[in-house]
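Notes for the one structure printed next.
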C-alpha cells in the first residue's frame, strides 16, 4: 500500500474525526442550551399553571361574590340603594324582635368602582335581641358589614340597651364612570 | 504496513529461487512457508509466475526482503580512527568515494562498523549500481510489494545462522558464483565473490581454497568454514580436504524454528534457504546495517508507517468518539422531544380560559375576605369578652369600629380585677394591642368602684372604602381623674 493510500486514509479519518468532534461539541452545546430552555419552560409552565389556577379560583370566587356583592350599572345612588337596604334591615330587626328607632344614611364611599353605602341605625333592645340581630346581619345576603357598634347600658339594669349600629352594603358599579355619590 | 508479524524473504540470485515466509512467534521466528522456484520453468515470464505462486500460497502480503547478488556488489573495507558517528560517517563517505570505481551518485551504498581490538573501527562498505537496485525493486514490487530490505545474498545468509565465536568464513555456494565472507564472531571483516562454478563441478573446492588463501595467511586463528547455499556432503568433504579446516554446513534452523518440517521436506540442504531466511529476518527486524534499499524508499516506508499508525490513532479516536456522538445524539433528541413536550404543555396552560379579575372585583373579594375574619365580627368579640372577662367587671359602654378599635367602658370592683381584665384582653388574638386609658375611683355613699376605659386596637382590614371612616372616639376621662395604665 502506497504512501498516497495511507495519506488518503489519514485525511479521510481526520475529516471523520473532526466531524465527529464537531458533532460532539455541537451536541454538548445544544444539549446544554436545550436543558436551559427546558428549565425556563418549566418555570413558564409553573407560572402558566399558577395563573390558570388563579383564574379558575377567581372565576369560582366571582360566582360566590356575585351573591354577596350586587352589581349595578353605574350611576347608582342612595335613592336606589336605600329601599333595598331598609327592607333588608327592617326584616332582620323584626326577626330579632326589635324595631329600628332612627335611620340615617351616610355619604357613599367609592373606590375603584366599588362603593360602600353606610347606614346608621339606632335601636333599643335587650342583649338577646342584639345577639340575634348581629348574627343575622353577619349571615345576610347580599353582604351587610358592621362598621361601627356602640352599646350603652340603660340607666337601670332592666332597661334596654341603646345600640347604635353603622351597617354598610357594597355595590360593584359597572360602566365607564360611577356616580354613586360623594367619595 | 503496521503490525505485520510475517515477512517474505525472496532470494533470486541463483538458478533456483528460494522464497520463505517467516512469522514472529514469541521472542523468535518460525518458518511459515518455504518454496524453491525454478525460473526456467516459467518460460520467460518468471515474474508473473512467481507472483501467482505467492498469491496462491497467500504469502504475498507483509514485509519483503530481497537479495542482491554479491558478484554485482562491491565490498570495501577501511580501518577508521575512533570518532563520533557523524565524523565516522564522513570518513566512510570519503573512503567510499576513493575506493568505489564509480561516482557515488550512480551507486547505492551502505556500511557497517565493527570495533577492532586496537580501538579503531573496522568499516565494511558495500555498494552496487543504482540500476540494479531499481531493477530489483521493480521485480519485487511486481512479485509482492516494495521491499523493506535489500541485502547482498551472503550477508543475508550469514544472518540466518548462529555465528560461532572466533574467526570463521562463510561460503555461500551458488551455481556459478560463490560468495566468501570473513567474520570475527559477529564482526564482518570482508567479503568477496568468486566465479567458481557449480559446487559439484570439478575443482570448485580448489578455486575456493585459492581465494581463501590471503585470509588464511593473514589470520592464523581462522580454522572454520561454514558452508551455505547449494552444498552437499561431497562438497563439504572436498572443501575440508583442500583447506584442511573444519567445514560445517550452516543450518538456519538454529535461528528459526521449523515446526512443520518444511526445510526437511524440500529437496536439498536447509543451508540453501539460509539467504531467503536471512532476508525475511532482516525484513521482520528492520535491520538497517548494510541494507541497500534507497534512502528515499526507506524514508517513504517510515513515512507510510507513521501514516499507518496515525490512521490507527485516528481510527481509535473515532471509535472512542462514535459512541459519545451516538449517545449525545440520543440525549439531544430526548431533550428536544422533552422541550417540545414542555412547550406544548406551556401552550396548553396558556390557553386556559379565564377572566382576570379587575380591580373592582379584587376590592370586593378582599373586602369579603376581610369581613369573614373574627376581628370584623363584633358579635364574636362581644362573646369572647363576655366569656373571658373576670367577675367584678361591669361593662356600661361597648364601641366597635371595624378595622380600628374596640373601646370598653365600665366599672371594676378593684384595680386588681381590672388588671386581670387587661391580662385577659391582651391574650385575645383578635386584638393587636390593648391600652387602659384610665381608671378612676368612684366614691359615694351608694357606689364604690373604679370607672375605666380600655381601648383595644384591631388589625387594619382590607376594605378600601374604610379609609375615610372615622373612629368613634369614646368620651374623654373626667377632669382631674387619675389614670392607670
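Chains as they are written, first to last, in this note's numbering: chain H, -11 to 171; chain G, 43 to 527. By construction, the Cβ of each residue, glycine as well, lies at the ideal position given by its N, Cα and C atoms.
- Beyond the five residues adjoining it in sequence on each side, residue 66 (chain G) comes within less than 6 angstroms, by CB distance, of 47 in the same chain, given in chain order.
- Taking 7 angstroms as the Cβ-Cβ cut-off, the segment 105 to 123 of chain H approaches chain G at 119, 122 and 123, given in chain order.
- DSSP links residue 160 (chain H) through a beta bridge to H:59 and H:102.
- When the five nearest sequence neighbours on each side are left out, the beta carbons in the same chain lying within less than 7 angstroms of the beta carbon of residue 192 (chain G) are those of 108, 110, 175, 178, 333, 334 and 335, in order along the chain.
- Taking the Cα positions, residue 309 (chain G) is about 12 angstroms away from residue 79 (chain G).
- Within chain H, the C-beta atoms nearer than 8 angstroms to that of residue 439 (chain G) come from 138, 139, 140 and 141, in chain order.
- A contact is defined here as three or more CB-CB pairs under 8 angstroms, and the segment 308 to 327 of chain G meets this definition with respect to the segment 264 to 281 of chain G.
- Annotated as distal: residue 168 (chain G) and residue 189 (chain G), with beta-carbon spacing of 8 angstroms or more.
- For chain H, none of the residues of the segment 472 to 490 of chain G brings a beta carbon within less than 7 angstroms of one of its beta carbons.
- Interface with chain G (8 angstroms Cβ-Cβ cutoff): residue 24 (chain H) is excluded.
- For residue 253 (chain G), the enclosing alpha helix (DSSP H) starts and ends at 246 to 260.
- For residue 285 (chain G), the closest of G:259, G:86, G:49 and G:148 by C-alpha to C-alpha distance is G:259.
- Here the segment 428 to 445 of chain G makes contact with the segment 133 to 143 of chain H; the two share three or more CB pairs at distances below 8 angstroms.
- Taking a C-beta distance under 8 angstroms as the contact criterion, residue 463 (chain G) and residue 424 (chain G) do not qualify as a contact pair.
- Put simply, the backbone Cα of residue 114 (chain G) is about 9 angstroms away from that of residue 235 (chain G).
- Residue-level contact check: residue 66 (chain H) does not touch chain G, since none of the beta carbons of chain G fall below 8 angstroms from its beta carbon.
- Between the alpha carbons of residue 81 (chain H) and residue 89 (chain H) lies a gap of roughly 10 angstroms.
- Within a 10 Å sphere around the beta-carbon of residue 162 (chain H) sit fewer than 16 other beta-carbons, which makes this residue exposed.
- Inter-segment contact for the segment 69 to 87 of chain G and the segment 150 to 161 of chain G is absent: fewer than three beta-carbon pairs are separated by less than 8 angstroms.
- With respect to residue 130 (chain H), residue 58 (chain H) sits close: the two C-beta atoms are nearer than 8 angstroms.
- Residue range 229 to 237 is occupied by the beta strand (DSSP E) that includes residue 235 (chain G).
- Your pair residue 199 (chain G) and residue 106 (chain G) does not check out as a contact, with CB atoms roughly 17 angstroms apart and the cut at 8 angstroms.
- At the C-beta level, residue 497 (chain G) and residue 447 (chain G) come within 8 angstroms of one another.
- By the neighbour-count definition (other C-beta atoms within 10 Å, threshold 16), residue 14 (chain H) is an exposed residue.
- When 7 angstroms is used as the limit between beta carbons, residue 360 (chain G) is near these residues of chain H: 1, 4, 5 and 8, in chain order.
- For residue 92 (chain H), the enclosing beta strand (DSSP E) begins and ends at 88 to 93.
- Around residue 492 (chain G), no beta-carbon contact reaches into chain H at under 8 angstroms, the shortest distance being about 17 angstroms.
- For residue 442 (chain G), the nearest CB of chain H lies under 8 angstroms from its own CB, placing it at the interface with that chain.
- Around the beta-carbon of residue 163 (chain G), 16 or more other beta-carbon atoms lie within 10 Å, marking it buried.
- Excluding residues up to 5 positions away in sequence, 137 and 165 lie with their Cβ nearer than 6 angstroms to the Cβ of residue 120 (chain G) in the same chain.
- Residue-level contact check: residue 388 (chain G) touches chain H, since one or more beta carbons of chain H fall below 8 angstroms from its beta carbon.
- Within the segment 29 to 62 of chain H, contact with chain G at the beta-carbon level (separation under 7 angstroms) is assigned to 29, 30, 32, 33, 36, 37, 40, 43, 44, 46, 47, 49, 50, 53, 56 and 57.
- For residue 48 (chain G), there is no enclosing alpha helix (DSSP H); the residue is part of the beta strand (DSSP E) that begins and ends at 48 to 53.
- The straight-line gap separating the alpha-carbon atoms of residue 118 (chain H) and residue 421 (chain G) is approximately 9 angstroms.
- Uninterrupted beta strand (DSSP E) stretches at least 3 residues long and entirely within the segment 184 to 212 of chain G occur at 191 to 194, given in chain order.
- Assigned with DSSP and collapsed to three states, residue 122 (chain G) falls in strand.
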